[in-house]
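Peer 1: Take this structure, written in structure tokens, and hold onto it; I'll ask about it next.
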Amino acid sequence: MLARCYDVAFSYRNFKREVSLIENIFKKHSRRKVRKILDVGCGTGRHAEVFVKRGYEVVGIDKSKEMIKLAEERVPNARFRVMDMRKITLREKFDGAICMLNTFAYLLKNQEIISHLRSMRKVLRGPYVVELANPYDWLLVRRRTKINEWDMEEDGFQVITSYIQYPPKGLEQVVPWELRFNARGKVITQKHLSRMLFPRELELLSQITGFKVNFYGSLSMTPFNVNSKRLVAVFS
28 MLARCYDVAF
38 SYRNFKREVS
48 LIENIFKKHS
58 RRKVRKILDV
68 GCGTGRHAEV
78 FVKRGYEVVG
88 IDKSKEMIKL
98 AEERVPNARF
108 RVMDMRKITL
118 REKFDGAICM
128 LNTFAYLLKN
138 QEIISHLRSM
148 RKVLRGPYVV
158 ELANPYDWLL
168 VRRRTKINEW
178 DMEEDGFQVI
188 TSYIQYPPKG
198 LEQVVPWELR
208 FNARGKVITQ
218 KHLSRMLFPR
228 ELELLSQITG
238 FKVNFYGSLS
248 MTPFNVNSKR
258 LVAVFS
């Protein structure tokens, strides 16, 4: 039920438009035509579904067995693996890769990011598009708790979602937050930790692992600034 709650809660996103914007990023940052994609932290396969319908070969990885099961049901023509992004053990090459919805920020330590990027270099021959929260936006709520609530319904399955972001302690860049799903009379609470990642440290980590990185303020490749809605890092 948890995977279904996630799936419906974030169905408000325009996945077709996001894939179109990612295609534009691939075209700008790739020397070859991107036909085979690795979806890191693929969740329930929403992006994979759009890519497959457009003729791409897609492999998705996620450490949640429940998410992978739902993704396999949604996109039978893609391949999915239960795998931790901290160490990717695939033995094939990809023309491009994506990591969406701030999933990359689950890598809390520098060594975890280095391990991940090094494993990505082994399987990539094109750009890696990472969509992150804008860390400056998180800094604005350092001293208070932020709560957002929204209601989504799909195929008769209704989910009321509460996003609760707590202030980090001291000078730590790790932000504690919760998702609470209310569906069919049950309340499911998921506690998470995410890291605020800033362009300068991502640039240094990319150099350590042999990548170059470009930053944007959205998937539309708008310039990044402190007021941007997102931080999009393109490793190549």
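Residue numbers for the sequence shown follow the working numbering, so the first one is 28 and each next one is one higher. Quick reminder that beta carbons are idealized off the backbone N, C-alpha and C, glycines included.
Would you kindly report the start and end of the unbroken alpha helix (DSSP H) that includes F53?
Peer 2: Taken as a continuous stretch (DSSP letters only), the alpha helix (DSSP H) holding F53 covers 42-56.
Peer 1: Checking 8 Å against the spacing of the C-beta atoms, do E228 and V240 come in under that value?
Peer 2: Their beta carbons are not under 8 Å apart, which means E228 does not touch V240 by this criterion.
Peer 1: Would you grab the beta carbon distance between I187 and E205 for me? Rounded to a whole angstrom, and I think it's under 8 Å.
Peer 2: That belief does not hold up - the Cβ atoms of I187 and E205 are roughly 14 Å apart, past 8 Å.
Peer 1: So, is M28 buried or exposed, given that buried needs 16 or more other C-beta atoms within 10 angstroms?
Peer 2: By the neighbour-count rule (16 or more Cβ atoms within 10 Å), M28 is not buried but exposed.
Peer 1: What first and last residue would you give for the alpha helix (DSSP H) that runs through C32?
Peer 2: Looking at the DSSP string, the run of the alpha helix (DSSP H) that includes C32 is 29-36.
Peer 1: Extract the residue ranges of the alpha helix (DSSP H) inside the region 155-179, only unbroken runs of 4 or more that lie entirely within it.
Peer 2: Counting whole runs of 4 or more residues, the region 155-179 contains the alpha helix (DSSP H) stretches 162-166.
Peer 1: Give the straight-line distance between the Cα atoms of A105 and I115, rounded to the nearest whole angstrom.
Peer 2: Going by the C-alpha atoms only, they are around 18 Å apart.
Peer 1: Below 8 Å, how does it come out for the region 62-72 and the region 111-130: are there three or more Cβ pairs, yes or no?
Peer 2: Yes, the region 62-72 touches the region 111-130.
Peer 1: What residue ranges within the region 81-150 form continuous beta strand (DSSP E) runs of no fewer than 3 residues, ordered along the chain?
Peer 2: Entirely contained in the region 81-150, the beta strand (DSSP E) runs reaching 3 residues are, in chain order, 84-89, 106-109, 123-126.
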